[in-house]
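A.B. asks:
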Amino acid sequence: MEYLIHLAIFCAIYAILGISLNLIMGYTGMISIAHAGFYGIGAYATAILSYNYGMNFFLSMLIGIITSMIAALLIGMVITRLRGDYFILASLGFNFIAFSIMLNWQGLTRGALGIPGIARPKLFGLSFMLDQNRTVNLDFLILSLVILGLIYVACRFIGSSSLGRVLKSIREDETAIQVFGYNTLNYKLLIFIIGAGMAAVAGSLFASYISYIDPSTFTVNESVFIIAIIILGGLANLKGSILGAIFLVLLPEALRFIGFPNEIAGQMRLGIYGLLLVILMLYRPQGLMGEYKL
Amino acid sequence: MTILETKNLSKHYDGVAAVDQLSITMKKGQITSIIGPNGSGKTTLTNLLSGLVPFNHGVVMLSGEKLNQIKPQTAAVLGITRTFQEVRLFNQMTVLDNLLVVLTERNVFGALFEKHKQHHLKIAEELLVKVNLWPSRDQLAVNLSYGQRKLLEIARALAMNAQIYLFDEPFAGLFPEMIKIVVAIMQELRAGGKSIILIEHNMDLIRQLSDKVIVMDTGKLLAEGNPDAVLAKREVIEAYLGE
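Residue numbers (this note's numbering), protein chains in the order written: chain F, 1 to 294; chain V, 1 to 243.
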């Protein structure tokens, strides 16, 4: 049970990351490799404020969201002017910068040593942590699912509004929609900032749940993993992002039970994992629930 | 009354003049056709007037207001809209959404708190009925036939309720029944006091629709005036047929 709850919490965290990146990439067509950077900002904000000042989780999450959104505003003012491959490279650059700061600003982040002892959330006296009379981490799972639900509703609201329709038109043909009087930069910047704020929420949850973070979690690999979630689930489909997160988090775990010989188990699992993804993309390039192809 | 005028308008690409010192005028409530051989600068001119590409020299006078440059998003505010020679729809959106997106709120925060209003839907329905696409409203635009795609693009331009419409080869690839629809739309726009710049190669349609014809060749003005008179000019025939 404890193991299943652990996996469910990870599914929820990655679903938040997938949904938020889907606004940027699936709806608006900006293929961003910066998302792990914003995820990391949220995680480090909670970790630093909790470790150094004993700050309440929810307040530290709020500060993480604001910090991430400010970073997205500053970087977004530059990179949302770029299109296609240039945007991808610029977002990749941001992820490198964010990772480099996490690794090298030791006075703030403790560098490669990481930050331990990150506190669990407390709300109205209720502690989201192991209690002798409670099931391990069940409270934290409920909190994660509630936050996921709120973010899902917010994204659905955006997606079904006139704003969501404009975002899709930017994805389809940015020049054409400009001709109809839209300043597309404003739209791209806004959604980049909103997506970054949501990624920071996932970061705060992750830091608090694991109680220890170091920079290795927030590399380009993580950004690529989040992109894989939304491509697999289906671009511009929020339910697809949740499904993609569940699939990609659970698949490697499921492969543990196949019973490969110990000496090749790890490699075989990775090989099958990769092969399944390739087959899925060959036969369903629009993803599990998506309607359009990248 | 002159609604649009260009003075010495020029656009160069790496030293090659696509539009060269072009000075033309068009009157309100008229259809002004622009003809010329391929590469004569017709589409570049529509790109300049719709702000898609910046011009290097010259000015555009719009209802007497002098414009030293036009940006894509300001062209709409100035009352200019267009269609494209190569149809540019929002392919992975429904036919209805292709119209609603140009009808709804432009302000980014306003758009966040708006879905679409009943009157937006009513306008979209009227326009889609006009181009026989209402039954296909829930289809993705990418699944339409070539002619239907052209009609949807024209309906999208109509949704802008602009003062000046730039139609870049709107009849190319259309079936006769579709041509009738587009001809009727243009005549209705003219009757409503709207101004049209029409780029077209079909001379019968040019004669049928145009109040004025402008002939371009290598980016320059070759001739302008009444359709019959202009199309009978020797230099115009030579430019087209290479005599």
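Idealized CB from N, CA, C, for every residue including glycine.
1. Would Leu148/F and Ala15/F qualify as a contact pair, given that the criterion is a beta-carbon distance under 9 Å?
2. Mark Met69/F as exposed unless 16 or more other C-beta atoms lie within 10 angstroms of its C-beta, in which case mark it buried.
3. Under 8 Å, with one C-beta from each stretch per pair, do the stretch 22–30 of chain F and the stretch 228–236 of chain F reach the 3-pair mark?
4. Jot down the residue ranges of each uninterrupted alpha helix (DSSP H) in the stretch 95–156 of chain V, minimum 4 residues, whole runs only, in chain order.
5. Determine the contact status of Asp214/F and Gly76/F, defining contact as a CB-CB distance below 9 Å.
6. I'd like the list of long-range same chain contacts for Phe90/V, defined as Cβ closer than 8 Å, with 5 residues on each side in sequence excluded.
7. Is Ser144/F near the ligand ZN - that is, is its Cβ less than 8 Å away from at least one heavy atom of it?
8. Please report the residue range of the beta strand (DSSP E) in which Val153/F lies.
9. Within the continuous alpha helix (DSSP H) that includes Tyr273/F, where are the two ends?
10. What residues match up with His57/V in a beta bridge as DSSP calls it?
11. I need the boundaries of the alpha helix (DSSP H) containing Met178/V, first residue and last residue.
12. Please classify Arg256/F as buried or exposed, where buried requires at least 16 other C-beta atoms within 10 Å of its C-beta.
13. Which whole-angstrom value is the C-beta distance of Ala72/F and Ala196/F, which I expect to be below 8 Å?
14. Does the beta carbon of Asn22/F come closer than 9 Å to any beta carbon on chain V?
15. Classify Ala119/F as helix, strand or coil using the three-state DSSP reduction.
16. Enumerate in chain order the residues of its own chain whose CB-to-CB distance from Gly51/V is below 7 Å, with the five nearest sequence positions on each side excluded.
17. Name the chain F residues that come within less than 8 Å of Ser50/V, Cβ to Cβ?
18. Please work out which residues of its chain come closer than 8 Å, Cβ to Cβ, to Ala157/V, disregarding the five sequence neighbours upstream and downstream, and give them in chain order.
19. Going by other Cβ atoms of all chains shown within 10 Å of its Cβ, with 16 needed for buried, is Thr219/F buried or exposed?
20. Can you find a C-beta in chain F that's less than 9 Å from the C-beta of Pro72/V?
21. Please identify the residue among Phe87/F, Asn52/F, Thr46/F and Met55/F whose C-alpha is closest to the C-alpha of Lys188/F.
22. Which word fits Phe175/V, buried or exposed, when buried means at least 16 other C-beta atoms lie within 10 angstroms of its C-beta?
23. Would you verify that the beta carbon of Val101/V is, or is not, closer than 9 Å to some beta carbon of chain F?
24. Check the DSSP bridge columns for Ala17/V and list the partner residues they point to.
25. Thinking just about the alpha-carbon of each residue, which of Ile170/F, Gly259/F, Gln267/F and Leu17/F is nearest to the one in Arg88/V?
26. I'd like to check one pair, His6/F with Asn137/F: are the Cβ atoms closer than 9 Å?
27. Here's the rule: buried if 16 or more other CB atoms are within 10 angstroms of the residue's CB, otherwise exposed. What is Phe38/F?
28. In the structure shown, what three-state DSSP assignment does Leu235/F receive?
29. Under three-state DSSP, which class holds Glu238/V?
30. Just to confirm the assignment, what range does the alpha helix (DSSP H) spanning Thr32/V have?
31. Thinking Gly117/F and Ser211/F are a contact (beta carbons under 8 Å), I'd like their distance in whole angstroms, please.
32. Does Glu65/V have its Cβ less than 9 Å from a Cβ in chain F?
33. Going by DSSP, name the residue or residues bridged to Arg82/V.
34. Taking C-beta pairs closer than 8 Å, name the residues in chain F that Met93/V reaches, listed in chain order.
35. Mind checking if Val108/V is an interface residue toward chain F, Cβ cutoff 9 Å exclusive?
36. Along chain A, which residues have their Cβ under 8 Å away from the Cβ of Ile158/F?
C.D. replies: To lay it out plainly:
1. Working through the first sequence from its first residue, we reach residue 148/F at position 148. Working through the first sequence from its first residue, we reach residue 15/F at position 15. Taking 9 Å as the Cβ cut-off, Leu148/F and Ala15/F qualify as a contacting pair.
2. Stepping through the first sequence from its first residue, residue 69/F is reached at position 69. When all chains shown are included, Met69/F counts as buried.
3. yes
4. If we require 4 residues or more, the alpha helix (DSSP H) runs fully inside the stretch 95–156 of chain V come out as 95–103, 108–112 and 118–130.
5. Numbered from its first residue, the first sequence carries residue 214/F at position 214. Numbered from its first residue, the first sequence carries residue 76/F at position 76. Against a cut-off of 9 Å, the Cβ pair of Gly76/F and Asp214/F comes out as no contact.
6. As a first step, residue 90/V must be located in the second sequence, where it is residue number 90. Asp97, Asn98, Val101 and Ala141, listed in sequence order.
7. Looking for the ligand ZN in the displayed structure turns up nothing, as the structure carries no ligands at all.
8. Numbered from 1 along the first sequence, position 153 holds the residue referred to as residue 153/F. No beta strand (DSSP E) contains Val153/F, which is instead part of the alpha helix (DSSP H) from Leu138 to Ser160.
9. Counted from its first residue, the first sequence places residue 273/F at position 273. Start and end: Ala265 to Tyr283.
10. Numbered from its first residue, the second sequence carries residue 57/V at position 57. Answer is Ser10/V, bridged to His57/V.
11. Stepping through the second sequence from its first residue, residue 178/V is reached at position 178. That run of the alpha helix (DSSP H) goes Pro176 to Ala191.
12. Looking up residue 256/F in the first sequence gives position 256. Its Cβ having fewer than 16 others within 10 Å, Arg256/F is exposed.
13. On the first sequence, residue 72/F is found 72 positions in, with the first residue counted as 1. On the first sequence, residue 196/F is found 196 positions in, with the first residue counted as 1. About 3 Å separates the two Cβ atoms, so the contact holds.
14. Looking up residue 22/F in the first sequence gives position 22. Chain V contact via Cβ: absent.
15. Along the first sequence, read from residue 1 onward, the residue named residue 119/F stands at position 119. DSSP places Ala119/F in coil when its eight states are reduced to three.
16. Here residue 51/V refers to the residue found at position 51 when the second sequence is read from its first residue. Cβ within range, chain order: Ile70, Lys71, Pro72, Thr74 and Ala75.
17. Indexing the second sequence from 1 puts residue 50/V at position 50. Val179, listed in chain order.
18. Locating residue 157/V in the second sequence gives position 157, counting from the first residue. These residues qualify, in order along the chain: Thr81, Arg82, Thr83, Tyr165 and Phe167.
19. Your numbering for residue 219/F matches position 219 in the first sequence. So Thr219/F counts as buried.
20. Working through the second sequence from its first residue, we reach residue 72/V at position 72. It does; some Cβ of chain F falls within 9 Å.
21. Position 188 of the first sequence, counted from the first residue, corresponds to residue 188/F. Of Phe87/F, Asn52/F, Thr46/F and Met55/F, the residue nearest in Cα terms is Phe87/F.
22. Start at 1 with the first residue of the second sequence, and residue 175/V comes out as number 175. Result: exposed.
23. Start at 1 with the first residue of the second sequence, and residue 101/V comes out as number 101. Yes, Val101/V lies at the interface with chain F (some Cβ there is under 9 Å from its Cβ).
24. If you number the second sequence from 1, residue 17/V lands on position 17. Beta-bridge annotation (DSSP): Ala17/V is paired with His12/V.
25. For the purposes of this step, residue 88/V is taken as residue 88 along the second sequence, with counting starting at 1. Out of Ile170/F, Gly259/F, Gln267/F and Leu17/F, Ile170/F has the C-alpha closest to the C-alpha of Arg88/V.
26. Here the question's residue 137/F lines up with position 137 in the first sequence. Here the question's residue 6/F lines up with position 6 in the first sequence. Going by C-beta atoms, Asn137/F is nearer than 9 Å to His6/F.
27. In the first sequence, residue 38/F corresponds to position 38, counting from 1. So Phe38/F counts as buried.
28. Position 235 of the first sequence, counted from the first residue, corresponds to residue 235/F. Under the three-state reduction of DSSP, Leu235/F is assigned to coil, being neither helix nor strand.
29. In the second sequence, counting from the first residue as 1, residue 238/V sits at position 238. Note: Glu238/V maps to helix in three-state DSSP.
30. Against the second sequence, residue 32/V aligns to sequence position 32. Per DSSP, Thr32/V belongs to no alpha helix (DSSP H); it is in the beta strand (DSSP E), Ile31 to Ile35.
31. The residue given as residue 117/F occupies position 117 in the first sequence. The residue given as residue 211/F occupies position 211 in the first sequence. Their Cβ separation, rounded to whole angstroms, is 7 Å, which keeps Gly117/F and Ser211/F in contact under 8 Å.
32. Position 65 of the second sequence, counted from the start, is the residue given in the question as residue 65/V. It does not; no Cβ of chain F falls within 9 Å.
33. Start at 1 with the first residue of the second sequence, and residue 82/V comes out as number 82. Paired residues: Leu166/V.
34. For the purposes of this step, residue 93/V is taken as residue 93 along the second sequence, with counting starting at 1. Within chain F, the residues near Met93/V are Arg165, Lys168, Ser169 and Glu172.
35. Start at 1 with the first residue of the second sequence, and residue 108/V comes out as number 108. With 9 Å as the cut-off, Val108/V counts as an interface residue toward chain F.
36. Looking for chain A here will not work: the only protein chains present are F and V.
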